[in-house]
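Here the protein sequences line up with chains F and X, keeping their order. To convert, note that position 8 of the first sequence is 8 in the numbering used here; the numbers rise steadily by one, no gaps. Remember, the numbering used here sits 1000 above the position in the second sequence when you count from 1. Glycine included, C-beta positions come from ideal geometry on N, C-alpha and C.
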Amino acid sequence: MFGNASFRKGARDSVLILFAVGAFGVAYGVLAVDAGLSPALTLFSSVIIVSGAAQFAMVGLAVAGPLPVLLAATGLGLRHLPMSARLADIIESQPLLTRLRLAFILVDETFGLTIRAHDAGVEDVVAYKTAADLMLYSGWIIGTAAGAWFVSSIDPEAAGIGVLFGLLFLGLAAPMVKVRRDWVVAAAAVVATLIATATLPVAWQITTAAVASALVGMVIDE
Amino acid sequence: MSDLALVFGVAVITFGTRVAFLLRPRAAPEGRIGRFLDVFPLALFIAIATSGLVAPWGSPELIANLAGALGGVIGGVLFRRSLWGVLGLGAACFYLARALTG
């Protein structure tokens, strides 16, 4: 698999991801250490979770306690369900270990590349995604290690990393806004978060606002 | 709950959602449940972004934060909802506003 044309194309197509994800890995490493995780645990979290959104949420919500972190991880994980169903559809029958491996790094970036490659007629989708996953995983791990051990002298508050964290989630949300219903959900989430911030304990603010605005989206048509 | 247990918890939840349909292929949820699953990540991302950028009303950098949020939205529109467009213009507006407001 490692020498075939699909694998090489997957590696080539994801070079930019290697560097982009590496940069986010550095930011995660800095934030996680600043939030109180040891550098070793910070690196370990990137090795076994491999989800920028879940990991940034984990360190961002750490002050609210474990329950909001786990609820947020569950909520963020919900987006994997349709991705998982779609990937299962295009890889067809594969050995269990292959399916587990592909699931381990089922992230937005390489999923998007893989779907695009499949639609463009790439011959071996599994090899293509494996290459893209390896590139992303390398960038994420190396970036996290660099942030946790070598960049921790940066003061996140002075550097404005907290604002970059907010912008990161805004940027992750941006491609999801496609139809009228998405705009309504986004607006509802802003309003619900402002209300929740003024009325609820920290532990429940984001989860309550997200559930309430998703319920709004559930009952309206596109 | 220790930090290590929390990391394991997040890892298990994340992998569980990723492997759901790859372990035993079946149809994705449809109807209202499907719509809820569709929009929940967007709702959560916006809630987290709002909490970080706009909600801390007492923050001494609220004006800079709001400028960053506005820049991010404009960046998203100008650069066709690109993550880097949002981050780039949002960060530029934030740092510029912070420099101007001292």
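Cα separation between residue i and residue j?
i         : j         : result
Leu1053/X : Leu1062/X : 8 angstroms
Pro1041/X : Leu67/F   : 18 angstroms
Thr207/F  : Thr193/F  : 9 angstroms
Leu70/F   : Ala62/F   : 10 angstroms
Ser38/F   : Asn1065/X : 29 angstroms
Ser93/F   : Glu123/F  : 15 angstroms
Compute the distance between the beta-carbons of residue i and residue j, then report whether it is under 8 angstroms.
i         : j         : result
Ala72/F   : Ala88/F   : no
Leu1096/X : Ile1074/X : no
Val1010/X : Ala54/F   : yes
Leu136/F  : Glu109/F  : yes
Ala238/F  : Ala196/F  : Nothing about residue 238/F can be read from this structure; chain F reaches only from 1 to 222.
Leu167/F  : Gly1068/X : yes
Arg1081/X : Ala85/F   : no
Val1012/X : Ser45/F   : no
His80/F   : Arg1018/X : yes
Val59/F   : Ala35/F   : yes
Leu113/F  : Asp13/F   : yes
Leu43/F   : Ala148/F  : yes
Leu102/F  : Leu1100/X : no
Trp140/F  : Val33/F   : no
Asp151/F  : Val30/F   : A small fix is needed here, since residue 151/F is Val in this sequence, not Asp. Yes, Cβ-Cβ distance for Val151/F and Val30/F is below 8 angstroms.
Val185/F  : Thr1050/X : no
Using 10 angstroms around the beta-carbon of residue i, count the other beta-carbons present and answer buried if the total reaches 16, otherwise exposed.
i         : result
Trp183/F  : exposed
Arg116/F  : exposed
Ser213/F  : buried
Ile105/F  : buried
Val26/F   : buried
Val15/F   : exposed
Leu1004/X : exposed
Lys129/F  : buried
Arg99/F   : buried
Asp1038/X : buried
Thr199/F  : exposed
Arg1032/X : exposed
Val126/F  : buried
Ala1020/X : buried
Lys178/F  : exposed
Ile49/F   : buried
Chain F partners of residue i, CB-CB under 8 angstroms?
i         : result
Ala1091/X : Gly160, Val163, Leu164, Leu167
Output, in chain order, the set of chain F residues within a Cβ distance shorter than 9 angstroms of residue i.
i         : result
Ala1049/X : Phe165, Gly166, Leu167, Leu168, Phe169, Leu170, Gly171, Leu172, Ala173, Ala189, Val190, Thr193
List, in order along the chain, the chain F residues whose C-beta lies closer than 7 angstroms to that of residue i?
i         : result
Ile1046/X : Ala173, Ala186, Ala189, Val190
Ile1013/X : Leu70, Ala73, Thr74, Gly77
List, in chain order, every chain X residue whose beta-carbon is nearer than 9 angstroms to that of residue i.
i        : result
Gly3/F   : Within chain X, no residue comes near Gly3/F; the closest Cβ sits about 25 angstroms away, beyond 9 angstroms.
Val179/F : The contacting residues do not exist; Val179/F stays about 10 angstroms from chain X at best.
Gly217/F : Arg1035, Phe1036, Asp1038, Val1039, Phe1040, Leu1042, Ala1043
Using a Cβ cut-off of 7 angstroms, pull out every chain X residue sitting near residue i, in sequence order please.
i        : result
Ile142/F : Going along chain X, no residue has its Cβ under 7 angstroms from Ile142/F, so there is no contact; the nearest lies around 19 angstroms.
Give the residues of chain X in contact with residue i, contact being defined as C-beta atoms less than 8 angstroms apart.
i       : result
Ile17/F : Simply none; closest approach about 11 angstroms.
Whole runs of the alpha helix (DSSP H) within the region 112-154 of chain F, excluding any shorter than 4 residues: 125-145, all fully within the region 112-154 of chain F.
Complete alpha helix (DSSP H) runs within the region 24-64 of chain F (minimum length 4 residues, chain order): Within the region 24-64 of chain F, the alpha helix (DSSP H) runs of at least 4 residues that lie entirely inside it are, in chain order, 39-49, 52-60.
Segments assigned beta strand (DSSP E), at least 3 residues, entirely inside the region 1031-1063 of chain X: none
Inside the region 61-105 of chain F only - alpha helix (DSSP H) runs reaching at least 4 residues: 66-77, 80-91, 96-104
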